[in-house]
Each structure stands twice: as structure tokens, then as C-alpha cells.
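What follows is a short report on a single structure.
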Amino acid sequence: MKEVSFKIDGKTCQAPEGENVISAAKRQGVYIPTLCYLEGRPCLGTCRVCTIRVGGRSMAACTLTIEENMQLEVNTPELQDMRKAIVELIFVEGNHFCPACEKSGDCQLQAVAYAMDMRVARFHYRFSPYSVHYEGKNIILEHNRCMHCKRCTNLFEDDQGFKIFSFVNRGPQTRVMLDLEREKFLSPEKLREAKDLCPTGAILLQGGGFDRPIGTRKYDLKAIGQVPKGDK
0 MKEVSFKIDG KTCQAPEGEN VISAAKRQGV YIPTLCYLEG RPCLGTCRVC TIRVGGRSMA
60 ACTLTIEENM QLEVNTPELQ DMRKAIVELI FVEGNHFCPA CEKSGDCQLQ AVAYAMDMRV
120 ARFHYRFSPY SVHYEGKNII LEHNRCMHCK RCTNLFEDDQ GFKIFSFVNR GPQTRVMLDL
180 EREKFLSPEK LREAKDLCPT GAILLQGGGF DRPIGTRKYD LKAIGQVPKG DK
């Protein structure tokens, strides 16, 4: 694949044509926050936390690929504040009280908020409490923390290649639900994958909340956004 030139905030960069913008920026040492995007997996474009500007238009970076002479605005004060506001809205629309969540330290939403230096949301909390789904043999669904990113519904499959998460209802009543029959047979590795796939604390495992002490978890050890230039 041929290398092309493009610009990030006025700086000329090189990347393979067609590479995802978030991945290309990362290799240039530029961190673009995201909550739904996973490198190498199909783009979802749901969270909008990766909003940048291309040709004067605000767009989700995860939905874009590198083109010759592309002009990307990433870290202008306006865009940084816009992305921070989006994360704040996610917090106030769910039960994201980090000290009480067993996924603290492994939570991507929490890590992104820290990277943005978010202390207190500027918006009023407005979520209505939802019931927690304990019906699975191994998986708990904490609907109060689900941000409908579609990672679990679109990207997770069981050992036989079947999807076990799906959306039910519509609008404000939309919920992620679980195929209880298939969930019974998930391997320990698949259970861990499901939990880790969720960027919040919405997918939890029965009895596995504190198997690793606080302070030794993924984002406790390395803050998100620490991307040296050339990091793959």
C-alpha cells in the first residue's frame, strides 16, 4: 500500500493510504480518544468521542481512512472541549460512579475521562435507574452503565461463532440482552473477552469483580493516551 502525505494540526505526516485515521494518528504520537473503536475490528462509529474536523466538518475519526493531502484538525481547543463534553454526557446519563464500580482501573471510559482531565461534569445527572440483569449463569448486565456502543452486540461471538448479545426495545428503553442458553457454555476465556470488550462496567462476571487488586489493573499501570511516536 502506497504511502501518502497528510496533515494533523498543520504538521505533515506520512501513512499508508487507506489506514484508519485513529491508527495513523497513533503512529505519529497523536492520541485521539475513542470508546467504541477497536483497532483491526469493524468500525462502529457510535460514541463520537473521537470527533475531529476534516475540511471544516466535524466527523468521527474512526470512520475515516487516510487520503492524500488530507487536512485533519485534532487538538484545537474547540475540539478538545467538544470531546470532553461528549464524555461528560456519557457520565451523567449513566451510573458511572467510579469508586463504587468493580471495573475501576480497567474501565476505558474512566481512563478517557482522566486523560481529558475531567473532574466534574458540567451537566446535571439525568439517568433513570434500571434493573441489573442477574439471570445469566456467569454474566451480569449492569444496564445503568451501558452506553450502547455496540461493541458486544456487533463484535462478540461465542466459541461457535454465534452472537449472544442483542438490543431489545427502542429509544430510551433500549437495552442489551443476553442469549441465556448460549451464555451457559462460554469458556472462561470468552467470558473474560466479553467483560474486557465493554468500555464501561456494563458487562461483569459473577464472583469475579476483585480478582485483581485496585492499583494493579490495566489503566492503573499505564494511563490511556500515552502514545510515543511510532507505537504500533
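Residue numbers (numbering that gives the first Met the number 0): 0 to 231. Where a beta carbon is used, it is the ideal one built from N, C-alpha and C, also for glycine.
Inset, instruction - Could you check which residue in Thr199, Ile21, Arg191 has the C-alpha nearest to that of leucine 71? - result: Ile21
Legend entry - Closest by C-alpha distance to alanine 222, when choosing among Val111, Arg82, Ser4: Val111
Legend entry - Continuous beta strand (DSSP E) assignments of at least 3 residues falling wholly in the region 39-123: Whole beta strand (DSSP E) segments, 3+ residues: 50-53, 56-59, 69-72.
Inset, instruction - Count the other CB atoms, across all protein chains shown, that sit within 10 Å of the CB of threonine 50; report buried if there are 16 or more and exposed otherwise. - result: buried
Legend entry - Buried or exposed (CB count within 10 angstroms, at least 16 for buried), lysine 1: exposed
Inset, instruction - Using beta-carbon positions only, say whether arginine 174 and histidine 142 come within less than 8 Å of one another. - result: yes
Legend entry - Every unbroken alpha helix (DSSP H) inside the region 155-198 [4 residues or more]: 179-182, 187-196
Inset, instruction - Identify, in the order they occur along the chain, each residue of the same chain with its Cβ nearer than 8 Å to the Cβ of lysine 231, setting aside the five sequence neighbours on each side. - result: No answer about lysine 231 holds up, because its pLDDT of 46 lies below 50 and its placement is not dependable.
Legend entry - Beta-carbon proximity of glutamate 16 to glutamate 67, cut-off 8 Å: Yes. Within cutoff.
Inset, instruction - With DSSP as the reference, label lysine 231 as helix, strand or coil. - result: Caution is warranted here: a pLDDT of 46 is assigned to lysine 231, below 50, making its placement in the model unreliable, and the coordinate value is therefore given only provisionally. Note: lysine 231 maps to coil in three-state DSSP.
Inset, instruction - Taking the CB atoms as reference points, tell me whether isoleucine 139 and alanine 193 lie closer together than 8 Å. - result: no
Inset, instruction - Enumerate in chain order the residues of its own chain whose CB-to-CB distance from aspartate 219 is below 8 Å, with the five nearest sequence positions on each side excluded. - result: Gly104, Ile213
Inset, instruction - Evaluate tyrosine 124 with the Cβ neighbour count: other Cβ atoms within 10 Å of its Cβ, from every protein chain shown; 16 or more gives buried, anything less gives exposed. - result: exposed
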